[in-house]
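Following: one structure in structure tokens, then a few remarks.
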Amino acid sequence: MDVAIAPPGRTGRVAGRGQTIAVMAVTVLAIIGLSWYVSDGFDDGVTSIDIRANLDVEPPTVGRAPTGFTGLGYDGQEISLASYAGKPLWLTFGASWCRDCRVEAADLQATYETFQGQGLNVLAVFINDPRADIEGYAGRAGLTFPIIADERAEIGSAYRLLGIPTHVFIGRDGLIKEIRIGALSRDDMERAVAAIVR
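For the sequence shown, my numbering gives the first residue as 1466, with consecutive numbering after it.
Now the structure itself:
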């Protein structure tokens, strides 16, 4: 049996370089894949936010009235939570820069349109978001409900938000019926809204 052994030389070095490059490429791809998996693979539908809670007010609680507030819409109009007294209200916290909020935006708008004839009101509060950014986003996304620009997260702080989107469903009696943190499916939205428009 004849066995040919190549003497060390150029061929051996090229194979060594090729192996090194292949190992480096696999390592880089593994790091990229792991980064994607950690950031997107475990997506729970919530975008974390870092705001200081306002401990001077009671946190939102099911069965209690929500903390009142007044803010400016992205169009400069003053909007007050008190103006929704006696009306079913879906209070939603989000932001134009929030990926999870953008994912559910079309379903939120569609649910609003479906239940608007039954008296549903939607009021969005966008956290740490400039008015101009909100206006552009609302136009592109086709959002037709009022949106408050909470540029310094003062309202978000009063509601002790940990992440967005956060949804607060308020009945005609002015009491919170349900609080949900994270992006909702269309079915979840419709179920929660149906409970407050009765």
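Where a beta carbon is used, it is the ideal one built from N, C-alpha and C, also for glycine.
Only a predicted model underlies this, so the values are computations on that prediction, with no experimental measurement involved.
Within the continuous alpha helix (DSSP H) that includes residue i, where are the two ends?
i: Val1658; result: Arg1651 to Val1662
i: Val1568; result: Arg1564 to Phe1580
Taking the alpha carbon of residue i as the point to measure from, which residue in the options has its own alpha carbon closest?
i: Thr1512; options: Ala1547, Ile1620 and Gly1628; result: Gly1628
i: Leu1556; options: Ser1650, Lys1642, Asn1593 and Arg1663; result: Lys1642
i: Pro1525; options: Ala1603, Gly1639 and Arg1567; result: Gly1639
i: Gly1582; options: Val1662, Arg1482, Ile1486 and Thr1485; result: Val1662
i: Glu1569; options: Met1654, Thr1485, Thr1579 and Glu1600; result: Met1654
i: Leu1626; options: Asn1519, Arg1529 and Ala1575; result: Asn1519
i: Arg1605; options: Gly1647, Arg1567 and Ile1613; result: Arg1567
i: Ile1514; options: Arg1651, Asp1652 and Tyr1624; result: Tyr1624
i: Glu1523; options: Arg1637, Pro1630, Ile1516 and Ser1622; result: Ser1622
i: Asp1565; options: His1632, Ala1614 and Thr1532; result: His1632
i: Phe1580; options: Gln1484, Pro1630 and Arg1651; result: Arg1651
i: Ala1603; options: Pro1630, Asp1615 and Ala1571; result: Ala1571
i: Thr1535; options: Ile1620, Gly1601, Phe1591 and Arg1645; result: Ile1620
How is residue i classed by DSSP in three states: helix, strand or coil?
i: Ile1620; result: helix
i: Arg1601; result: A quick correction: the sequence has Gly, not Arg, at residue 1601. Note: Gly1601 maps to helix in three-state DSSP.
i: Ser1561; result: coil
i: Trp1555; result: strand
i: Arg1645; result: strand
i: Thr1535; result: strand
Closer than 6 Å by C-beta to residue i: which residues in its own chain qualify, once you throw out the five before and the five after it? Chain order, please.
i: Ala1711; result: The structure shown does not extend to residue 1711, since the chain spans only 1466 to 1663, so no value can be given for it.
i: Pro1611; result: Gly1538, Ile1544 and Leu1588
i: Asn1593; result: Ala1618
i: Leu1608; result: Gln1574
i: Val1590; result: Phe1558, Ile1613, Asp1615 and Ile1620
i: Leu1546; result: Gly1533 and Phe1534
Kindly list the residues whose CB is nearer than 8 Å to the CB of residue i, restricted to its own chain and excluding five residues on each side of it in sequence; keep chain order.
i: Gly1541; result: Arg1596
i: Tyr1549; result: Asn1586, Leu1588 and Ile1635
i: Asp1598; result: Ser1561 and Trp1562
i: Asp1509; result: Gly1647
Over the uninterrupted beta strand (DSSP E) stretch that includes residue i, give me the two end residues.
i: Val1511; result: Premise fails: Val1511 is in no beta strand (DSSP E) and is neither H nor E.
i: Phe1610; result: Counting along the chain, Phe1610 falls outside any beta strand (DSSP E), and DSSP gives it neither H nor E.
i: Ser1545; result: Glu1543 to Ser1545
i: Arg1637; result: Run containing Arg1637: none; DSSP gives neither H nor E here.
i: Leu1588; result: Asn1586 to Ile1592
Drop a sphere of 10 angstroms on the beta-carbon of residue i, count the other beta-carbons inside from all chains shown, and report buried for 16 or more, exposed for fewer.
i: Asp1505; result: Model confidence at Asp1505 stands at a pLDDT of 44, short of 50, so the residue's coordinates are unreliable; what they give is reported in the following sentence. By the 10 Å Cβ count, Asp1505 comes out exposed.
i: Val1527; result: exposed
i: Ile1486; result: exposed
i: Thr1576; result: buried
i: Ala1648; result: buried
i: Asp1521; result: exposed
Residues in the same chain with beta-carbon distance under 7 Å from residue i, minus the five sequence neighbours each way, listed in chain order, please.
i: Gly1584; result: Lys1552, Pro1553 and Val1662
i: Arg1517; result: Ser1622
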